[in-house]
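Novice: Protein chains in written order, with the working numbering: chain L, 13 to 450; chain R, 331 to 450.
Backbone N, C-alpha and C fix where the C-beta goes; we use that ideal spot for every residue, glycine too.
None of these values were measured; they are calculated from a predicted model.
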Amino acid sequence: MDYLSANKILIVDLTSADVMEDELSDELVGEKIGGAAVTKHLYKQHADGDPIVIGTGLLTGTLFPAAAAGVITAKSPVTGKVSHCPITLKVGLEIQYAGFDYIVIKGTSPEPSFLWIHDGVADITSAVDVWGKNVWETTDTWRKAMGDDLIQTIVIGKAGEDQSDLAQVCYNYWASGDRWGFGKIFGTKNLKGLAFRGMGLLEMAEAEEFVELALDVLEEVKEGEFDGKKGIGDICTAIGEADVDTWLAPIVHRHSACYNTPYATNTFVFLDEDPQNLTEPENAEPGFLVTDLFGLVGFKKAGLSAEDACKLLKACAQYGIDAAAVAELSQAAGKASLAEIQDSMAELSGAVTRPGNGIFSPWCPLQPVFGKFDDIGDDPVSWWNRRMAVAYIFGIHPIFAVMSPEITEEDLLEIATIGTEIEFSEDTLNKAVDFLLN
Amino acid sequence: MAIKIDALKCTGCMACEMACGYHRDDGFALLSSCIVAYRTKEKKDYFGVILKRDEDLLIARPEGTEIKRIGETEDTPANGKQQDASAKPMLLREACDLCDEMDLGPMCIKFCPVDAISED
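Okay, structure coming up:
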């Protein structure tokens, strides 16, 4: 696979500490395209090792709008299904440029370890020094050890180490779309996480044509319904949680976007500083980046103030636990205050609502956000499943995929063909989507 | 013509950095970009954009734009704070040429999804 690819699949056996590489074939890409369809294929190929498969979409890290997303695929310990969660922020980007298109992790490490993946090299490294540390401490430790604050991480906290069903993998310091208990799988494998850094280069077959089409799509996208809106508050309003925006506003500092994503889906709140302050804070940890709107909404519904809700979101991210699940289970258990919820986090268990069919993470709203989609018809469930499948295959930010009807399957297929010289048809895409949904 | 950056409109998405990298390397890469998203203060939510020009660095901070002569930022930090390791590579990068050989014009302007970058 010459284009839009590092042409490498990494296969790591944690039990034997074997690290192998395989080539990413044109045949596999021609059939499965990329992203979750390939990770699911690799999952099935290595299923006897109960693998975690990490990958990038075919367009991840390019100039196609919202091409931010990677994917984690594994069998969820809570649903028993092979499920996918998106890798967002700048983590998906860094994976693309760190030298491997897909990473299969099998077996169990005899001692706590992490994978350090950098410029086409994969090292199984001891994590004994960070086992027991929270997510924030772990990311800080790895960045300091490697001397690079731009290292991107996928990390578990104590919840994952203790193999809680609610354990969530986190990205750098922040909550992820892991609603499937993938953090537990990491914990059972003695895998504290992965760290990525790379200076790679992605070549395209017809570079000028690719970039021109990406720009055409961007110009259409910028005219979309999300224009003028930003942050997690406006998304909440769009999905019927209208008072979240005003409730949160007093502590909002700034909004930020995942790689090349036209809408800023993440909102940073200041908890220990004046949010109007734009200079660099003296405080090393003045607040929290809210990346999970359902965790936020859940704590609001529990009757908490915005400040307490965000303090809990921070505590969940440090502990590495699904905040939306914590909010739901805490309410069911009659816990109402910040202290009560935080103190009971480690003992929480029970059935949690996970909308959808268990394939794609319900971290992404199961409905259009701002945008009007003509193809939604009378079956919004099927519409959402297909939209997610397409997003996860090409590496499009899932929340932006339900915001922007201007990102069409036709454009995705055309740019994929231009970029790779592999002919991708609607039939190819339909088969890849069917493979994901069945 | 010069590049102008509105750091408060910026969402830190790095599209400008990738677009410039494409101009420099004819592929997608970040190593050669003259415009860089400053993002090492992640926990502080302090981010902006740095553009290397012929004689200086245009530093678009949230609190305002600053111009620093090349060399000053690395050797004599005005604020006494420790320099980031990632600041060093700016010295090794080419200066912005406004994409003068490209039909599309300055790529950072074209690809910024929030119009935080414009012509001055």
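Output needed in chain order: residues of the stretch 271-287 of chain L with a Cβ under 7 Å from some Cβ in chain R.
Specialist: Tyr271, Asn272, Thr273, Pro274, Ala276, Phe280
Novice: Can you tell me whether His58(L) is helix, strand or coil according to DSSP?
Specialist: coil
Novice: Kindly say whether Pro410(L), judged by its beta-carbon, lies nearer than 9 Å to any beta-carbon of chain B.
Specialist: Among the chains of the structure shown, chain B does not appear; the protein chains present are L and R.
Novice: Roughly how far, in whole angstroms, is the beta-carbon of Asn278(L) from the beta-carbon of Thr303(L), given that I think they are within contact range, below 8 Å?
Specialist: 5 Å
Novice: Note down, in chain order, every chain L residue with its Cβ under 7 Å from the Cβ of Ala390(R).
Specialist: What Ala390(R) touches in chain L: nothing, since even the nearest Cβ is about 12 Å away.
Novice: Got a sec, what are the start and stop residues for the alpha helix (DSSP H) Ile405(L) sits in?
Specialist: 392-406
Novice: Whose CA, out of Ile168(L), Trp395(L), Leu424(L), lies closest to the CA of Phe405(L)?
Specialist: It should be noted that the sequence gives Ile, not Phe, for residue 405(L). Nearest of Ile168(L), Trp395(L), Leu424(L) to Ile405(L), Cα basis: Leu424(L).
Novice: Rounded to whole angstroms, what's the CA-CA distance from Ile163(L) to Ile107(L)? Just pull it up for me.
Specialist: The alpha-carbon atoms of Ile163(L) and Ile107(L) are separated by roughly 10 Å.
Novice: Going by C-alpha to C-alpha distance, which of Thr432(L), Glu253(L), Arg398(L), Met158(L) sits closest to Thr420(L)?
Specialist: Arg398(L)
Novice: Taking 9 Å as the CB-CB limit, is Lys440(R) close to chain L?
Specialist: Lys440(R) counts as touching chain L.
Novice: Between which two residues does the alpha helix (DSSP H) harbouring Ile107(L) extend?
Specialist: 103-109
Novice: With DSSP as the reference, label Cys442(R) as helix, strand or coil.
Specialist: coil
Novice: May I ask whether a heavy atom of the ligand MG can be found less than 8 Å away from the beta carbon of Pro410(L)?
Specialist: Annotation note on the ligand MG: not contained in the displayed structure, which lists no ligands.
Novice: For the alpha helix (DSSP H) containing Thr224(L), list its first residue and its last residue.
Specialist: The residue you asked about is not Thr; residue 224(L) is Glu in the sequence shown. It spans 219-233 - the alpha helix (DSSP H) in which Glu224(L) sits, taken as one unbroken run.
Novice: When the Cα atoms are used, what is the spatial distance from Leu127(L) to Ile136(L)?
Specialist: 5 Å
Novice: When DSSP builds the beta bridges, which residues end up paired with Met32(L)?
Specialist: In the DSSP output, where bridge partners are listed per residue, Met32(L) has Ile23(L).
Novice: I'd like to know whether the C-beta atoms of Ile66(L) and Val83(L) end up nearer to each other than 9 Å.
Specialist: Result yes, Cβ atoms of Ile66(L) and Val83(L) sit closer than 9 Å.
Novice: Give me the Cα-Cα distance between Glu340(L) and Val364(L), rounded to the nearest whole angstrom.
Specialist: CA-to-CA, the gap between Glu340(L) and Val364(L) works out to about 7 Å.
Novice: Skipping 5 residues on each side, what residues in its chain have a beta carbon closer than 6 Å to that of Ser437(L)?
Specialist: none
Novice: Select from the stretch 57-91 of chain L all residues with a C-beta closer than 9 Å to any C-beta belonging to chain R, and list them in chain order.
Specialist: For the stretch 57-91 of chain L, the set of positions with a beta-carbon nearer than 9 Å to some beta-carbon of chain R reads Gly73, Thr74, Leu75, Pro77, Ala78, Ala80 in chain order.
Novice: Please say whether Ile99(L) and Leu54(L) have beta carbons closer to each other than 9 Å?
Specialist: It is not a contact, given that the beta carbons lie outside the stated cut-off.
Novice: With a cut-off of 9 Å, does the C-beta of Ser317(L) fall near any C-beta of chain R?
Specialist: no
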